[in-house]
Structures are given as C-alpha cells and as structure tokens.
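Student: Could you have a look at this structure, given as structure tokens, before my questions?
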Amino acid sequence: MDGEVHSLYTTALNEFARIPIFPYLQLCHMVLCAMKLRKEQEIMQITRTFPLASFVSFYFTTVSGTILANFFTGNRIFQPLESSDKLLMALLIWYLFFWGPADKVMSVASWKPVKIIITSMKMMKTAKDVLIGSKLGYTANPSSIIATVLPAASKSCGGSMFGPIHRMLRGSFKIEDYKHELLKPSL
C-alpha cells in the first residue's frame, strides 16, 4: 500500500510540476496575503513608519508554510529566503499594495471577478503545496502517517498558524486583542 500511495503522490506532483503557470500561482498567493494584511487596522500606519518591518512581515506571511514544513521534515528552515525571484516578486507586490497610488491595485484585486480568479489559482497552489508537503513527509519518514500529513497541512496553511509571529515582526501584537484558537480556545 505504501508503494501505491508514494506512486500516486509522485504522479500527481509531476503533473502539477508540468503546469507552466507556477509563477502565476505564487503571484496569486502573494496577492491574497497582501489583501489579508491590508484588512488589518494598523497595517498602513506601520507600513508608513516601519516599512522594512512591514515587508519582512509580509514576506514571512507568504513563505511561513514552507518554513514550517521544512521544520517538521528536518530540512533547512530558511530555504525560501534563498530564492531571489520570489523575494523580488514579493517586494513588487508589497510595494503595489501598500505604497501604490490611490489604492488602485487593491481596488482591482478586490473586485469580485478578479478575486474569484485569484482565489481559484491560489487553491491550485494549495493543492500543489499539500502534495509537496506530503512527499516531503513521506520521504522523511515513510512508516508514519502523521509524518506525512503534518508537513502537508503546515505547508498549505502555515500563514494562518504563524499569525501571532507575523504581528510580532510588525510590532503590533497584543495578546488581549488577538483571537487565535491556540492562545484563546473557544470551549
């Protein structure tokens, strides 16, 4: 059974790898991360006073799933920081969303038909991240199902797991204002 599952993962991952639009999937992920950050109340003031902290927080939001999956599998944690293409793309997206003139980029990206297209492409990236994370976990420990599922889940939704850390990087973390299930369980 393990050989069949590994073969299925490998086949699906190779099919996703053949998609020639992968940079666009990463771009859509970064756009949705920027839109999520723009919805926070104090982000524009922080961006104006501490632009480097704002950019570091934004970039960490976009790559935190990979960092967390690499932590669980024993790979290099800061591997996403080595890609200059992703860094430049993140810098461009951050600049357009947080410093763009008259919020034109935010208003276009928030328009419902555009947002549907961006979100559907982001879901394609999420599916690819789940497959990559499960392959990483399977190669790290093929006998454990948890070792396969944990990197897959963390790679696909690492940004939401690292919410408090993103706010700490910006300097806007207050425990009493933050609603995170791990910090304040809703029993």
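Residue numbers (the numbering used here): 27 to 213.
Quick reminder that beta carbons are idealized off the backbone N, C-alpha and C, glycines included.
All values derive from a computational prediction rather than experimental measurement.
1. Alpha helix (DSSP H) containing LEU107: first to last residue?
2. Between PHE97, LYS154, PHE86, ALA153, which lies nearest to CYS59 when the distance is taken from Cα to Cα?
3. What's the C-alpha gap between ILE103 and GLY126?
4. Alpha carbon to alpha carbon, what distance is there between ARG64 and MET70?
5. Do SER80 and ILE72 have their beta-carbon atoms positioned less than 8 Å apart in this structure?
6. Alpha carbons only, please: which of THR165, GLY91, MET61 is nearest the one belonging to ILE191?
7. With a threshold of 7 Å on Cβ separation, who are the neighbours of THR99 within its own chain once the five nearest residues in sequence on each side are excluded?
8. Are ALA95 and GLY189 closer than 8 Å when you measure CB to CB?
9. Please tell me whether MET150 and LEU51 are closer than 8 Å, where the distance is taken between their beta carbons.
10. In the DSSP assignment, find the unbroken alpha helix (DSSP H) run with ASP155 in it and report its ends.
11. Have a look at LEU118 and VAL57 and give me their C-alpha separation to the nearest angstrom.
12. What three-state label does DSSP hand TRP17 in the structure shown?
13. Let me know if ARG196 comes out buried or exposed under the rule of 16 or more other beta-carbons within 10 Å of its beta-carbon.
14. Does the beta-carbon of VAL140 have 16 or more other beta-carbons within 10 angstroms, so that it is buried, or is it exposed?
Tutor: So, from the data block:
1. What you label residue 107 is simply residue 81 of the sequence shown in a count that begins at 1. Premise fails: LEU107 is in no alpha helix (DSSP H) and is neither H nor E.
2. For the purposes of this step, residue 59 is identified with residue 33 of the sequence shown, where counting begins at 1. Selected option, being the one with the closest Cα: PHE86.
3. Here residue 103 refers to the residue found at position 77 of the sequence shown. Here residue 126 refers to the residue found at position 100 of the sequence shown. The alpha-carbon atoms of ILE103 and GLY126 are separated by roughly 32 Å.
4. For the purposes of this step, residue 70 is identified with residue 44 of the sequence shown, where counting begins at 1. For the purposes of this step, residue 64 is identified with residue 38 of the sequence shown, where counting begins at 1. When rounded, the distance between both Cα atoms is 7 Å.
5. Taking the sequence shown and counting its residues from 1, the one referred to as residue 72 is at position 46. Taking the sequence shown and counting its residues from 1, the one referred to as residue 80 is at position 54. Taking 8 Å as the Cβ cut-off, ILE72 and SER80 qualify as a contacting pair.
6. For the purposes of this step, residue 191 is taken as residue 165 along the sequence shown, with counting starting at 1. By alpha-carbon distance to ILE191, the top candidate from THR165, GLY91, MET61 is GLY91.
7. As a first step, residue 99 is located in the sequence shown; it is residue number 73 there, counting from the start. Contacts found: LEU162, GLY163, ALA166, PRO177.
8. For this step, residue 95 is matched to residue 69 along the sequence shown. For this step, residue 189 is matched to residue 163 along the sequence shown. Result no, Cβ atoms of ALA95 and GLY189 do not sit closer than 8 Å.
9. Here residue 150 refers to the residue found at position 124 when the sequence shown is read from its first residue. Here residue 51 refers to the residue found at position 25 when the sequence shown is read from its first residue. The Cβ-Cβ distance between MET150 and LEU51 falls below 8 Å.
10. As a first step, residue 155 must be located in the sequence shown, where it is residue number 129. Its alpha helix (DSSP H) spans residues 138-166.
11. Taking the first residue of the sequence shown as position 1, residue 118 is located at position 92. Taking the first residue of the sequence shown as position 1, residue 57 is located at position 31. Cα to Cα, the separation comes out at about 10 Å.
12. Summary: the structure shown does not reach residue 17, with the chain confined to residues 27 through 213, and so no result is reported for it.
13. Stepping through the sequence shown from its first residue, residue 196 is reached at position 170. ARG196 should be labelled buried.
14. Here residue 140 refers to the residue found at position 114 when the sequence shown is read from its first residue. Exposed, since its Cβ has fewer than 16 Cβ neighbours within 10 Å.
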